[in-house]
Structure formats: structure tokens, C-alpha cells
Amino acid sequence: MRLKDKVALITGGSGGIGRETALLFAKEGAKIVVTDVNDEGGQATADEINAAGGEAFFIHSDVSKASDCEAAVAFTEEKFGKLNVIFNNAGIMHSDDDNAVTTEEAVWDLTMNINAKGVFLGCKYGIPALKRAGGGSIINTASFVAILGAATPQVAYTASKGAVLALTRELAIIHARENIRVNALCPGPLRTELLMKFLDTEEKKQRRLVHIPMGRFGEAKEMAYAALFLASDEASFVTGTDFLVDGGITSAYVTPV
Ligand code: NAD
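Heads up, the sequence shown is in this note's numbering, so the first residue is -19 and it goes up one at a time.
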């Protein structure tokens, strides 16, 4: 029960990392509010937690909309009386996101609005609630692509994740003496919907797998365990970090055969 008596708000909780994290946090004793734009999936996550004896609610919230983010925080405090952990996890990878020449401005704007502004808004409305609770932990989902370049480009996505890292670092410093920790989770390539819908051939998969020392994609659950550590009091001296959970990809020059 590493999150006993804590209340966590998790964005993008209908699938992938968000869903696995909501289920794990609940098992570890946290009360959960799940948000998403996918109402069916988000409600299913909350239902699964409640069916297992936990306590969870779903609220529709688009992280790129200030009023939705503000409402999600207010909803959490109304239902559970406080907020201790914020997991700003929702994100997209647009199918028309490519290099600088071919990527449309609208694709850039949409990606930045969800992936970067969405994290900013989660912090903007979440931090006052953490202060009211006496402190807490914020985990912002970035990516290994904020640290490594790739010849298979998604420039809007990459730039948005770089913004998440920089924002996270600065907020960590600003709030370091207020008992608020702010960390970025940097997943490697994962076997979730977000990436697998692009890697729809064996050739595309192999183009990536050759660079991953472990020779496989990561699992959403492996990110949930990392988020659990960052959320828990075990990470009480961890703030401002780019927490890489990437199968070794960012450490590799040549990978094993
Ligand atoms: P996913 O697509 O399974 O989950 C993302 C969730 O965010 C979905 O439930 C989706 O409905 C929700 N979402 C999308 N737009 C939203 C919005 N405007 N408001 C609220 N919710 C919204 O993907 P995932 O792999 O679980 O991704 C979670 C996070 O991890 C993302 O930020 C992603 O960029 C990041 N990430 C993923 C990988 C990977 O390889 N899958 C690698 C590094 C980082």
C-alpha cells in the first residue's frame, strides 16, 4: 500500500500507460480520478477499480482546454477532499506529424496544445490543490525522443516532449521548498496503441527494435511501476529528473546481436 490515503488525478486514463497506472495506484491504496476524451474507456478504467474494491471516478476532460483541467481538479477535491498526486500523462502522436517541411501547421498546433499545453494546464490548476493538501507529487509524461533524435521524424511530437522536460525541470525548482516534487517520466518505445498503430509492419518494427538493447518494446505496466515510485514517498528526494524507462535505448551506441 505505497499510496495509502493518497488521492491521484490521472489524465489519459482510458488506455495505455494511464489505464495501467490508475489500476496500479488503486491497488496501492490511492483514490483515483481518471480523465480522458474517450468517455467509454475512461469510465471502464474507473469501473474496473471500483469492481476490485477501490475508489475511482471518471470525468471527461480535454487536457488542451483550461476550463476542463480546472474542472477536473475541482471535481477531485469535491469527491475526495484533497489532491496529492497528478499524473499529466495524456498525449497524442499525429499520423501526419513528419519533418519540418511536410508537417502542417495545424498538426503542430494540435500536438503542442495537447502534449505541451496540456501538461502546463495540469500544473497550473493542480499546483494550488497540492498546496492546499500540504504538498504532493507531479509526474509529467515526456519521452525518450526529447533526448534522442531520430531519422524517422515526428517533429511536433518531439518538440512537445522537449517542452515537457524543460517545463518540468523549472517547476521542480520553483516548488522545491513547498514539499511539491515535479518529475518527468521518459518512456522508451512501448507496445501501446499510440505507437503500434504506426508500426503496422514487421519492417517498421525492426527499424526501431534494432536500436533497443533489450530487443523488445516496453509495456505500459512497466511505466506504471516507474510512475508509482515517483508518486510515492519513497521518491521523497527525487525532483526535476528526466526519469528514463527505456530498455537502455538512450545509453546505446551499438546494441547486442
Ligand atoms: P495511448 O494512446 O494508449 O494513451 C493516451 C491516452 O490519452 C488515450 O486514452 C487518449 O484518449 C488520451 N488523450 C488523447 N488526447 C487527449 C486529450 N486532449 N485530453 C485528454 N486525454 C487525451 O498512449 P500511451 O502510450 O499510453 O501514451 C501515454 C503517454 O506516454 C503519452 O503522453 C505519450 O506521448 C507518452 N509516450 C508514449 C510512448 C509509446 O511508445 N507509446 C513513448 C514515450 C512516451
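Where is the CB? At the ideal position from N, CA and C, for every residue including glycine.
* To do: Excluding the 5 residues preceding and the 5 following V87 in the sequence, name in chain order all residues of the same chain whose CB lies nearer than 7 Å to its CB.
  => Position 107 of the sequence shown, counted from the start, is the residue given in the question as residue 87. So the list reads H74, D76, D77, A136, once near-sequence residues are dropped.
* Report the residue from D(-15), G(-4), M203 whose alpha carbon sits nearest the alpha carbon of M176. => Here residue 176 is taken as the residue at index 196 of the sequence shown, counted from 1. Comparing Cα-Cα distances from M176 to each of D(-15), G(-4), M203, the minimum goes to G(-4).
* Return the chain-ordered ranges of every beta strand (DSSP E) run that is complete within the stretch 10 to 58 and spans a minimum of 3 residues. => 11 to 16, 36 to 40
* Own chain partners of D89 with C-beta closer than 6 Å, once the 5 adjacent residues on each side are dropped -> Position 109 of the sequence shown, counting from 1, holds the residue named residue 89. Counting only Cβ-Cβ distances below 6 Å, and skipping sequence neighbours, we find nothing.
* **For V(-13), three-class secondary structure by DSSP** => Taking the first residue of the sequence shown as 1, we reach residue -13 at position 7. Of the three classes helix, strand and coil, the one that applies to V(-13) here is strand, per DSSP.
* Which runs of the beta strand (DSSP E) fall wholly inside the stretch 104 to 171 and span at least 3 residues, in chain order? -> 116 to 121, 160 to 167
* **Chain-order list of residues whose beta-carbon lies under 8 Å from that of N30 (same chain, five-residue window excluded)** => Along the sequence shown, read from residue 1 onward, the residue named residue 30 stands at position 50. A36, listed in sequence order.
* To do: Report the rounded CA-to-CA distance for V14 versus G(-2), giving the unit in angstroms.
  => By one-based count along the sequence shown, residue 14 stands at place 34. By one-based count along the sequence shown, residue -2 stands at place 18. Those two C-alpha atoms are separated by around 8 Å.
* Where L224 falls: helix, strand or coil (DSSP) -> For the purposes of this step, residue 224 is taken as the residue at position 244 of the sequence shown. If DSSP states are grouped into helix, strand and coil, L224 belongs with the strands.
* Reduced DSSP category for F67 - H, G, I as helix; E, B as strand; rest coil -> Here the question's residue 67 lines up with position 87 in the sequence shown. F67: strand per DSSP, three-state reduction.
* Residue range of the unbroken alpha helix (DSSP H) whose run includes E202 -> For the purposes of this step, residue 202 is taken as the residue at position 222 of the sequence shown. Element bounds for E202: 200 to 211.
* **Pairwise C-alpha distance: N163 and N79** => The sequence position of residue 79 within the sequence shown is 99, counting from 1. The sequence position of residue 163 within the sequence shown is 183, counting from 1. Each residue's Cα considered, the two are about 29 Å apart.
* Asked: Are the Cβ atoms of G227 and G198 separated by less than 8 Å?
  -> Position 247 of the sequence shown, counted from the first residue, corresponds to residue 227. Position 218 of the sequence shown, counted from the first residue, corresponds to residue 198. Contact flag set, yes.
* Asked: Would you say A126 and A96 are within 8 Å of each other, going by their C-beta atoms?
  -> To locate residue 126, count along the sequence shown from 1; it is residue 146. To locate residue 96, count along the sequence shown from 1; it is residue 116. Their beta carbons are not under 8 Å apart, which means A126 does not touch A96 by this criterion.
* Counted within 10 angstroms of its Cβ, other Cβ atoms place F252 as buried (16 or more) or exposed -> A question about residue 252 goes unanswered here, because the residues of the chain that appear run from -19 up to 237.
* Would you kindly report the start and end of the unbroken alpha helix (DSSP H) that includes A86? => Translated into positions along the sequence shown, residue 86 becomes position 106. It spans 85 to 91 - the alpha helix (DSSP H) in which A86 sits, taken as one unbroken run.
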